[in-house]
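Residue numbers (the working numbering): 1329 to 1588.
Ideal Cβ positions, reconstructed from N, Cα and C, are used throughout, including at glycine.
Quick caveat, the model's predicted, so the values are computed rather than measured.
In what follows, a structure is listed as structure tokens, so that the remarks can point back to it.
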Amino acid sequence: MESVRGTGTEEHSSKDALVLTSITKSFGGVRAVSSATLTVPVGERHALIGPNGAGKTTLFNIVTGELAADSGKIEILGIDITRSSVRERAKLGLGRTYQISQVFTNLTVEESLFLAAAAEQTMQFLNPWRKSAKVVNLAHEAAEQVHLTSYLQRRVSELSHGAQRQLEVGMAIAMRPRLIMLDEPAAGLSPFERLSLTKLIKSLPRSVTLILIEHDMDMVLDTADRITVLQHGAVIAEGIPAEIRTNQKVQEIYLGNFYA
Ligand SMILES: Nc1ncnc2c1ncn2[C@@H]1O[C@H](COP(=O)(O)OP(=O)(O)O)[C@@H](O)[C@H]1O
Ligand SMILES: [Mg+2]
């Protein structure tokens, strides 16, 4: 695997944003993730699907560093991060979403984006977080990317569910990630909001690699370049949407529920 590192400001160049090799994780007697192997090239939009309890969220938490795998290897942009902290992973460009519905409802959209942008700056330069011109720029750019520019002064609590999801993605974007992971972003949204979120995801720059866990198959088939299917913690299929849609095994265990 190629990996080019500069000095000072580190620039990572690798054709793969994420490589998971034989990741295994058990909770007591339950094997939540079973020897899962996955490669996501830079710029790809990759969906992770599978029935409830398949191990999707556990796998995400292992990638972000909130959970430690029992065995296996995790590489981001060519760098082995298997034993790195959540913060070190974030510094390498791993983006995550916030549960804003609980924490940020009293802030405005702009303040929320400032907070995310300032967090990114703090990580990179160890400044105390403050509203520098850079932070304002990052925040406003993120607002534009998630179509919330005209909502900047609104309180988060006044936003619809759909707009709050847009803000979640915007906050992740404001941290300038190389790789963003979204866990069921369409959950609880109306059909119309799902469509907007689908459009938004498709409009994100290709410089950001995206991994999406989602049950909404229309959204998955519309946004994903490739899809990985998990069942009982193991990868049972992987391919482009057309292959996954017609895969017999996948239809039996999963898609059948949707198209029956
Ligand atoms: N913290 C935990 N403690 C014990 N069991 C867990 C924990 N998290 C997940 N599990 C179990 O691991 C399996 C996979 O769960 P999860 O990763 O949440 O699946 P998914 O996101 O695909 O629905 C399930 O059997 C679940 O009950
Ligand atoms: Mg889950």
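- Beyond the five residues adjoining it in sequence on each side, Ala1562 comes within less than 7 Å, by CB distance, of Ser1362, Ser1363, Ala1364 in the same chain, given in chain order.
- In this structure, Lys1343 keeps its C-beta atom at 8 Å or more from the C-beta atom of Ala1397.
- Within the chosen limit of 7 Å, ligand 1 reaches the beta carbon of Thr1386 through at least one heavy atom.
- Rounded to the nearest whole angstrom, the C-alpha separation of Thr1385 and Asp1553 is 20 Å.
- At a Cβ-Cβ threshold of 8 Å, Pro1505 and Val1536 count as neighbours.
- The beta carbon of Leu1487 sits closer than 6 Å to none of the beta carbons in its chain outside the five residues before and after it.
- Per DSSP, Leu1495 lies in no beta strand (DSSP E); the unbroken alpha helix (DSSP H) holding it starts and ends at 1489-1502.
- Within the same chain, Ala1514, Arg1522 come within 8 Å of Asp1544 by CB-CB distance, once the 5 residues on both sides are set aside.
- Gly1406 is the residue among Gly1406, Gly1356, Thr1392, Leu1480 whose C-alpha sits nearest the C-alpha of Val1370.
- If only complete runs of 3 or more residues are kept, the region 1394-1479 shows the beta strand (DSSP E) at 1399-1404, in order along the chain.
- Distances between the C-beta of Ile1541 and the heavy atoms of ligand 2 include at least one below 7 Å.
- Judged by DSSP secondary structure, Arg1573 falls within the alpha helix (DSSP H) whose first and last residues are 1569-1574.
- The residue among Leu1538, Val1414, Thr1436 with its C-alpha nearest the C-alpha of Arg1373 is Leu1538.
- Residue environment for Gly1356: exposed (fewer than 16 other C-beta atoms within 10 angstroms of its C-beta).
- Looking at the backbone, the Cα of Ser1485 and that of Thr1433 are separated by about 5 Å.
- Taking the Cα of His1475 as reference, the smallest distance to any Cα among Leu1422, Gly1423, Leu1532, Leu1507 is reached at Leu1532.
- For Asp1511, the Cβ falls inside the 7 Å cut-off from some heavy atom of ligand 2.
- In the structure shown, the three-state DSSP call for Pro1519 is helix.
- Here Val1370 carries a coil assignment [DSSP, helix/strand/coil].
- Following the DSSP letters along the chain, one finds Leu1507 in no alpha helix (DSSP H) but inside the beta strand (DSSP E) bounded by residues 1507-1511.
- Beta-bridge annotation (DSSP): Val1347 is paired with Thr1367, Glu1403.
- Of the candidates Ile1555, Ile1572, Glu1571, Arg1483, Ile1555 places its Cα closest to the Cα of Thr1367.
- DSSP, reduced to helix, strand and coil, places Leu1549 within a helical segment of the structure shown.
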